[in-house]
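Before any comments, here is the structure.
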Amino acid sequence: MEALLDERGLSKLRWRCRRGLLENDLFIERFFDRHAASLTVKQAEALGALMDLADNDLLDLLLRRKEPAGELAGDEVRKVLEMLRVPAAASSPVVGH
1110 MEALLDERGL
1120 SKLRWRCRRG
1130 LLENDLFIER
1140 FFDRHAASLT
1150 VKQAEALGAL
1160 MDLADNDLLD
1170 LLLRRKEPAG
1180 ELAGDEVRKV
1190 LEMLRVPAAA
1200 SSPVVGH
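Note that the numbering used here has the sequence shown beginning at 1110, numbered continuously upward.
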């Protein structure tokens, strides 16, 4: 079992993930809403690698305009990117009529 990120690590990661583009912030906020309680140290490191990107490069990945390349092409980064990309409707419970 992988080690979960502790509260201090999570707080630092949230701070590091603040972005200049609202669109990126929306993806990231939704990610934390869904996954903060179960985020592993490896996933946090992968998210940190994505945060090293410029805002527009990150948005291109989030919107599937590009796929990760080079050092970002690792499995953990790809997994975290998929977690970030999940549409809001796909994660929301369906309200019946």
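Note that beta-carbon positions come from the ideal geometry of N, C-alpha and C, so glycine has one too.
Cβ neighbour criterion (16 or more within 10 Å) applied to residue i
| i | result |
| --- | --- |
| LEU1135 | exposed |
| ASN1133 | buried |
| VAL1186 | buried |
| VAL1189 | buried |
| VAL1204 | Confidence in VAL1204 is poor, its pLDDT being 47 and thus under 50, which makes the residue's placement unreliable; the coordinate value appears in the next sentence. Classification of VAL1204: exposed, given that the 10 Å Cβ count is below 16. |
8 Å Cβ cutoff met for residue i and residue j
| i | j | result |
| --- | --- | --- |
| LEU1122 | ALA1158 | no |
| CYS1126 | LEU1172 | no |
| VAL1164 | LEU1130 | The sequence shown places Asp at residue 1164, not Val. Yes; because the gap between Cβ atoms is below 8 Å, this pair is in contact. |
Selected residue, minimal CA-CA separation from residue i, among the options
| i | options | result |
| --- | --- | --- |
| GLU1116 | MET1160, ALA1146, MET1110 and GLU1132 | ALA1146 |
| LYS1151 | MET1110, GLU1138 and ARG1143 | MET1110 |
Rounded Cβ spacing between residue i and residue j (contact assumed at less than 8 Å)
| i | j | result |
| --- | --- | --- |
| THR1149 | ALA1112 | 6 Å |
Q) Which residue spans inside the stretch 1121–1176 form an unbroken alpha helix (DSSP H) run of at least 4? A) 1131–1144, 1150–1160 and 1164–1171
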